[in-house]
Amino acid sequence: MRMSSAARLALAVVLMASPASAMVRGRPVTAIAMYGEPKYGPDFAHFDYVNPDAPKGGTFVRQNEAFLTFDTFNPFTLKGAAALELGLMHDSLMVGSLDEPESSYGLIAETIEVAPDNSWVQFALRPQARFSDGSAITAADVVFSFNILVTKGAPQYRIQFADVAKAEAITPHLVRFTFKTTTNRELPILLGGLPVLSEAYWKDRDFAATTLQVPVTSGIYTIETFDVGRYVTYRRQDNYWAKDLPVVRGQYNFDRVRVEYFRDDTVAFEAFKTNVYDFRRVFSAGQWARRYDFPAVRDGQVKRLEVSSILPQDATGVVLNMRRPLFQDRRVREALNDAFDYESLNKNLFYGLYTRLRSYWQGSPLEAKGLPSPAELKLLEPFRDRLPPELFTQEYTQPTTEGEGNNRDNLLKARGLLRDAGWTVRDGRLVDDKGNPFTFEITIVQDGLDRVLMPWVHGLKRLGITATIRLVDTSQYANRVNAYDFDAIYIGINNSLSPGNEQVYNWGSESADRPGASNYSGVKDPVVDALIRRLIEATAYDDVTTAAHALDRVLTWNHYGLLTYSSPVERYAYWRKLQMPGVMPALGLGTMGDAAIALWWMDPAAVDSGLETSGNVKMPHGPSKAGALAWVFAFLAIGVGIWRLRRSTRR
Numbered sequence: 045m046r047m048s049s050a051a052r053l054a055l056a057v058v059l060m061a062s063p064a065s066a067m068v069r070g071r072p073v074t075a076i077a078m079y080g081e082p083k084y085g086p087d088f089a090h091f092d093y094v095n096p097d098a099p100k101g102g103t104f105v106r107q108n109e110a111f112l113t114f115d116t117f118n119p120f121t122l123k124g125a126a127a128l129e130l131g132l133m134h135d136s137l138m139v140g141s142l143d144e145p146e147s148s149y150g151l152i153a154e155t156i157e158v159a160p161d162n163s164w165v166q167f168a169l170r171p172q173a174r175f176s177d178g179s180a181i182t183a184a185d186v187v188f189s190f191n192i193l194v195t196k197g198a199p200q201y202r203i204q205f206a207d208v209a210k211a212e213a214i215t216p217h218l219v220r221f222t223f224k225t226t227t228n229r230e231l232p233i234l235l236g237g238l239p240v241l242s243e244a245y246w247k248d249r250d251f252a253a254t255t256l257q258v259p260v261t262s263g264i265y266t267i268e269t270f271d272v273g274r275y276v277t278y279r280r281q282d283n284y285w286a287k288d289l290p291v292v293r294g295q296y297n298f299d300r301v302r303v304e305y306f307r308d309d310t311v312a313f314e315a316f317k318t319n320v321y322d323f324r325r326v327f328s329a330g331q332w333a334r335r336y337d338f339p340a341v342r343d344g345q346v347k348r349l350e351v352s353s354i355l356p357q358d359a360t361g362v363v364l365n366m367r368r369p370l371f372q373d374r375r376v377r378e379a380l381n382d383a384f385d386y387e388s389l390n391k392n393l394f395y396g397l398y399t400r401l402r403s404y405w406q407g408s409p410l411e412a413k414g415l416p417s418p419a420e421l422k423l424l425e426p427f428r429d430r431l432p433p434e435l436f437t438q439e440y441t442q443p444t445t446e447g448e449g450n451n452r453d454n455l456l457k458a459r460g461l462l463r464d465a466g467w468t469v470r471d472g473r474l475v476d477d478k479g480n481p482f483t484f485e486i487t488i489v490q491d492g493l494d495r496v497l498m499p500w501v502h503g504l505k506r507l508g509i510t511a512t513i514r515l516v517d518t519s520q521y522a523n524r525v526n527a528y529d530f531d532a533i534y535i536g537i538n539n540s541l542s543p544g545n546e547q548v549y550n551w552g553s554e555s556a557d558r559p560g561a562s563n564y565s566g567v568k569d570p571v572v573d574a575l576i577r578r579l580i581e582a583t584a585y586d587d588v589t590t591a592a593h594a595l596d597r598v599l600t601w602n603h604y605g606l607l608t609y610s611s612p613v614e615r616y617a618y619w620r621k622l623q624m625p626g627v628m629p630a631l632g633l634g635t636m637g638d639a640a641i642a643l644w645w646m647d648p649a650a651v652d653s654g655l656e657t658s659g660n661v662k663m664p665h666g667p668s669k670a671g672a673l674a675w676v677f678a679f680l681a682i683g684v685g686i687w688r689l690r691r692s693t694r695r
């Protein structure tokens with residue numbers, strides 16, 4: 045289930061190719077696509093990548109890959125640490141498919157209608173839609189959900205829905221959203237991904253507070269049992285109203301989903317070997333290369349799986365906080381990037397299983413390559429005096445070494461850049477014209493990430509720069525990141541094949557000073573803002589591609605983030621009793637393999653024999669002193685644990 049990079053790119057191009065038709069407007073439809081027509085018509089029976097006859101039963105048991113605990117069952121605010129897999133409890137108006145990048149199909153909503161001039165969108169709700177307590181889902185609940193998420197939810201809701209003027213219930217089963225602008229063409233799909241909350245349940249509760257009370261929800265699963273710091277078990281509702289809809293058929297086949305919580309990967313890995321849990325995403329290259337040779341692997345009970353997808357690789361790297369004067373000069377940021385010796389890391393620590401990142405959309409049609417095209421130049425020329433001259437004359441590339449630990453040439457280049465920026469070396473220390481030393485702190489929460497960062501720190505020391513690594517606990521890290529109280533952090537950004545409003549949250553000036561946003565670098569660049577607006581207002585995918593290429597160039601040449609490395613494939617290990625369809629979705633299994641919960645099933649023989657039961661072996665859940673590096677990559681994939689608004693739930 046692995047594709048070559050060329051095959052992945054070709055498939056992405058085919059899927060994103062936009063025919064002459066645009067999003068359907070002016071009449072109710074059961075599905076919409078951002079560009080062209082949805083793949084599945086109004087009478088489709090099920091998605092192509094599911095097994096419609098998959099048997100039901102058993103328990104899917106997974107671990108908490110980032111080794112964080114939880115203290116709340118509300119994933120929609122920044123307060124607290126939300127339990128994993130809460131998305132199973134929340135349905136949205138519409139859902140996406142996993143073999144199309146940007147289409148939505150009705151779930152709670154039976155139809156969607158977009159105004160001919162894109163001034164509003166309205167959703168007709170299915171009369172049979174119900175919450176977990178059996179009460180009807182109404183337009184009033186949708187309006188309530190929108191308003192409370194925008195006013196009291198995480199900041200991304202306010203940013204992504206900033207162009208929505210109002211939400212109103214036209215009838216008990218018809219809700220309309222009126223827009224402030226007619227040019228934000230992504231809003232109908234974004235609003236289709238709105239999670240629907242129960243007004244009756246939440247109206248007299250503090251939505252912003254942490255809570256371990258099991259809420260009334262709209263999804264197929266509900267919480268059955270939990271023990272803070274140890275596990276959460278979700279139970280599928282037998283009377284779930286949507287179980288026979290085409291967008292659900294063949295999915296959510298497990299009676300229960302259980303998340304086992306560990307604090308250390310050594311303990312978690314030993315638990316997996318004895319089938320305390322069934323499924324794990326493998327982030328450590330060393331572990332994948334060396335440690336999957338235990339008896340259950342050799343006798344075929346444990347399977348290894350590499351999955352390719354058409355999505356861009358995760359953009360991981362060092363974020364320099366440009367709110368600090370130290371990092372405001374582009375030459376300084378470029379010099380710090382030159383000091384990073386990726387080739388030595390990949391050879392000595394990563395077993396050659398990673399690739400160097402040079403783009404925020406690497407491995408996709410949106411990755412900028414070569415020189416700017418004529419179409420890109422039309423977007424970039426008005427800002428030529430604000431952009432690095434090299435952007436127009438050179439292809440962006442990363443510095444390279446021979447992988448032997450000698451980064452001399454790149455450090456010489458870095459020293460020249462720092463000198464041009466006004467820094468000089470005195471008594472072995474890099475200082476500015478006032479004698480202030482160049483020192484900064486890298487804040488991390490992942491014990492073991494220092495092994496990845498220390499070679500970079502040593503390279504910086506050769507330049508006279510003192511960089512220190514500070515390990516903090518989860519709560520302190522989240523608080524500092526949300527308040528931008530750091531010099532540098534290491535984190536990942538997940539980009540899609542259809543970038544739009546979320547880019548405001550990641551890079552827009554309006555989010556730079558908004559606590560809790562993802563503009564970690566503090567970018568305030570009118571060029572970036574203008575290109576993001578081009579993405580949002582694009583009417584054809586060719587326009588999206590052009591704007592994304594231009595934005596990619598501006599981000600990389602300005603070194604707003606120091607891109608490091610990523611894996612071109614997703615790696616998983618699972619016990620053989622889990623079975624999967626014969627078709628892997630083009631979009632893969634998701635960042636943490638969440639799609640496996642939706643699409644896979646338990647071998648009926650294992651259910652009948654009782655061998656399906658996992659999670660009942662007593663194992664210590666606390667930390668050990670070894671194995672910390674293995675989960676570094678898991679945390680990078682999750683980010684800081686903040687709920688990210690998705691274009692559709694379950695994508």
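Numbering (this note's numbering), first residue to last: 45 to 695. Built from N, CA and C at the ideal position, the CB exists for glycine as well. Note that the structure is a prediction, hence the values are computed from the model and not measured.
For residue i, write down the residues that DSSP places opposite it in a beta bridge.
{"i": "LYS123", "result": "None; LYS123 has no bridge partner."}
{"i": "GLN615", "result": "According to the sequence shown, residue 615 is Arg rather than Gln. DSSP lists GLU350 as partners of ARG615."}
{"i": "SER610", "result": "THR399"}
{"i": "ARG106", "result": "VAL303 and PHE323"}
{"i": "GLY536", "result": "THR360"}
{"i": "GLN623", "result": "TRP645"}
{"i": "PRO239", "result": "SER136"}
What do you reckon, is the C-beta of residue i under 7 Å from a heavy atom of the ligand GDP?
{"i": "VAL311", "result": "The ligand GDP is not part of the structure shown, which contains no ligands of any sort."}
Using 8 Å for Cβ pairs, my map puts residue i next to residue j. What's the rounded Cβ distance?
{"i": "VAL208", "j": "ARG202", "result": "Going by Cβ atoms, the distance from VAL208 to ARG202 rounds to 10 Å, so no, they are not a contact pair."}
{"i": "ARG558", "j": "PRO199", "result": "5 Å"}
{"i": "ALA556", "j": "GLY566", "result": "5 Å"}
{"i": "TYR296", "j": "TYR275", "result": "With a Cβ gap of about 20 Å, TYR296 and TYR275 do not count as contacting."}
{"i": "PRO432", "j": "ARG377", "result": "In fact, because the Cβ distance is near 11 Å, the residues do not count as touching under 8 Å."}
{"i": "TYR618", "j": "ASP299", "result": "Contact doesn't hold; Cβ gap of about 18 Å is too wide."}
{"i": "ASN526", "j": "LEU130", "result": "So it is not a contact: roughly 19 Å between Cβ atoms."}
CA-CA distance, residue i and residue j?
{"i": "ASP587", "j": "VAL158", "result": "21 Å"}
{"i": "LEU370", "j": "PRO290", "result": "55 Å"}
{"i": "PRO696", "j": "VAL572", "result": "Any property of residue 696 remains undetermined from this structure, which presents the chain solely from 45 to 695."}
{"i": "TYR549", "j": "GLY140", "result": "21 Å"}
{"i": "PHE384", "j": "VAL651", "result": "50 Å"}
{"i": "VAL258", "j": "ASP248", "result": "15 Å"}
{"i": "ILE192", "j": "ALA75", "result": "26 Å"}
{"i": "GLY426", "j": "ARG402", "result": "Here residue 426 turns out to be Pro, not Gly, going by the sequence shown. Looking at the two C-alpha atoms, the distance is approximately 25 Å."}
{"i": "LEU435", "j": "THR113", "result": "44 Å"}
{"i": "ASP161", "j": "MET67", "result": "11 Å"}
{"i": "ALA640", "j": "THR483", "result": "45 Å"}
{"i": "GLY460", "j": "THR437", "result": "21 Å"}
{"i": "ALA584", "j": "ALA168", "result": "27 Å"}
{"i": "HIS593", "j": "GLN490", "result": "32 Å"}
Start and end of the beta strand (DSSP E) containing residue i?
{"i": "ASP271", "result": "265-271"}
{"i": "VAL303", "result": "300-304"}
{"i": "LEU515", "result": "510-515"}
{"i": "LEU643", "result": "First-last for LEU643: 639-643, but that is the alpha helix (DSSP H), not the beta strand (DSSP E)."}
{"i": "ALA359", "result": "359-364"}
{"i": "ARG279", "result": "275-280"}
{"i": "ARG597", "result": "No beta strand (DSSP E) holds ARG597; the alpha helix (DSSP H) holding it covers 585-601."}
{"i": "ARG249", "result": "Here ARG249 belongs to no beta strand (DSSP E), and DSSP marks it neither H nor E."}
{"i": "LEU218", "result": "218-223"}
Looking at the unbroken alpha helix (DSSP H) that takes in residue i, where does it start and where does it end?
{"i": "GLU420", "result": "418-424"}
{"i": "GLY236", "result": "231-236"}
{"i": "LEU130", "result": "Neither: LEU130 is in no alpha helix (DSSP H) and is coded neither H nor E."}
{"i": "THR518", "result": "518-526"}
{"i": "LEU575", "result": "570-581"}
{"i": "ALA75", "result": "Counting along the chain, ALA75 falls outside any alpha helix (DSSP H), though it belongs to the beta strand (DSSP E) covering 75-77."}
{"i": "ARG374", "result": "374-382"}
{"i": "SER388", "result": "386-392"}
{"i": "ARG506", "result": "494-506"}
{"i": "VAL548", "result": "546-551"}
**OP:** Note down, one range per segment and in chain order, each beta strand (DSSP E) of at least 3 residues found wholly within the region 136-178.
**Re:** 147-150, 153-158 and 164-169
Subject >> Minimum length 4: unbroken alpha helix (DSSP H) runs contained in the region 408-486 >> reply: 418-424, 434-437 and 452-464, all fully within the region 408-486.
Subject >> alpha helix (DSSP H) runs wholly inside the region 290-345, at least 4 long, in chain order >> reply: 309-317, 329-334 and 339-342
**OP:** Jot down the residue ranges of each uninterrupted beta strand (DSSP E) in the region 192-216, minimum 3 residues, whole runs only, in chain order.
**Re:** 208-215
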